[in-house]
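Counting from 839, one number per residue, gives the positions in the sequence shown under this note's numbering.
We put the CB at the ideal spot given by N, CA and C, even for glycine.
Below: one structure, written as structure tokens.
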Amino acid sequence: MSHSTKVSECPKCSSTELGKGQHSGHSVMSPINKLGFGSIIEYIICTECGFIIEGYVKKPERFKDTY
Ligand SMILES: [Zn+2]
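Pasting the structure below:
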């Protein structure tokens, strides 16, 4: 999965100093019916005001409904 991130400036403060971050430790997003098969969340963050502009789970396929 590759997503094109076109965000280049913060919508709140117009800063172009953006960074990437992710939860440390075990703070993962898990599918509601398959706890334990979660994915790390990666964020695009404004390094000026701290606004979280976008967030992605790294393994989106794990959230597909496979009944
Ligand atoms: Zn900002």
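Near ligand 3: E899 beta-carbon under 8 Å from a heavy atom: Ligand 3 is not part of the structure shown, which contains ligand 1 as its ligands.
Minimum C-alpha distance to L873 - residue among R900, K844 and V845: Residue numbering aside, residue 873 sits at position 35 when the sequence shown is read from its first letter. It is R900.
DSSP-derived helix/strand/coil call for E899: Here the question's residue 899 lines up with position 61 in the sequence shown. Note: E899 maps to helix in three-state DSSP.
From K902, I882 and V895, residue whose alpha carbon lies closest to that of S865: As a working mapping, residue 865 is identified with position 27 in the sequence shown. Among K902, I882 and V895, the Cα nearest to that of S865 is on V895.
Beta strand (DSSP E) segment containing L856, residue limits: Taking the sequence shown and counting its residues from 1, the one referred to as residue 856 is at position 18. L856 -> beta strand (DSSP E) spans L856 to Q860.
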